[in-house]
Amino acid sequence: MNRTATASHTHANGQRSHLRRTIALARRRRRSLGPRTPLPLGAVLADAVAATVGSWRFIMVQSGLIIAWMTGNVLSGGGAWDPYPFILLNLLLSFQAAYTAPVIMMSQNRQSEVDRDRALADYQVNIRAEAEIARLHEKIDLMREQQLLEVTQLLKAALTRIEALEGRGTPA
């Protein structure tokens, strides 16, 4: 193997090693994107409430309970625990709305913080990728320049030989 091929082989091994280290670093960063410390109880509860209230199951169960409440009160006649305007039901639903909305907002705020952190991590990865691509472009340009220089030198050497051969064959 000539010196150029050996240097090229060594350089390629170095690039592969660098690529492996970069991939390992990216994997470690991806794993660390989750919360580094356990979430406080309030955040866990807010997420649980938001997940429960924001489901079709909750809507169906709540609709069934409201229909049962209204039907039970209408059919019980004079012994209804919450007669027709359903003031107690209205109070319970207002109470639920008053507490559910802020809890959902807390969960959304926490989720937006997580999203911001992930967006920042993605941005940093993109910046590094862009820099790596620029370095690769520079390397490719350098390789093309070296190849052109080698071809030019080979052409000059061939031209010199041709001229020398023509000079020998021509009587002086």
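Quick note: the sequence shown, position 116, residue 103 per this note's numbering, numbers continuous.
Note that beta-carbon positions come from the ideal geometry of N, C-alpha and C, so glycine has one too.
Inset, instruction - Could you tell me the distance, in whole angstroms, from the CA atom of threonine 24 to the CA atom of proline 89? - result: Cα to Cα, the separation comes out at about 24 Å.
Inset, instruction - Could you tell me whether the stretch 99 to 113 touches the stretch 45 to 57, where touching means 3 or more Cβ pairs closer than 8 Å? - result: These segments do not touch.
Legend entry - Contact set for phenylalanine 73: own chain, Cβ-Cβ below 8 Å, skip 5 residues either direction: If you ignore the 5 residues before and after phenylalanine 73, its C-beta comes within less than 8 Å of the C-beta of Trp56, Met57, Asn60, all in its own chain and listed in chain order.
Legend entry - Heavy atom of the ligand HEM within 7 Å of leucine 78 beta-carbon: What this structure holds is no ligand at all, so the ligand HEM is not there to describe.
Inset, instruction - Using three-state DSSP, classify glycine 41 as helix, strand or coil. - result: coil
Legend entry - Nearest to histidine 5 (by Cα), restricted to the options Ala67, Ser99, Glu119: Glu119
Inset, instruction - Measure the alpha-carbon distance for valine 31 versus glutamine 111 and round it to whole angstroms. - result: 29 Å
Inset, instruction - Might you give, ordered along the chain, the residues of its own chain that have their beta carbon closer than 8 Å to the beta carbon of isoleucine 160, omitting 5 neighbours on each side? - result: The requested residue 160 is not part of the displayed model; the chain covers only -12 to 159.
Inset, instruction - Kindly indicate which three-state DSSP category aspartate 165 falls into: helix, strand or coil? - result: Lying before the first or after the last residue shown, residue 165 is absent from the chain, which here runs from -12 to 159.
Inset, instruction - Could you have a look at threonine 24 and say whether DSSP puts it in helix, strand or coil? - result: coil
Legend entry - Buried/exposed call for serine 94, threshold 16 Cβ in 10 Å: buried
Legend entry - Collapsed DSSP secondary structure at serine 63 in the structure displayed: Looking at serine 63 - three-state DSSP - the assignment turns out to be coil, as it is neither helix nor strand.
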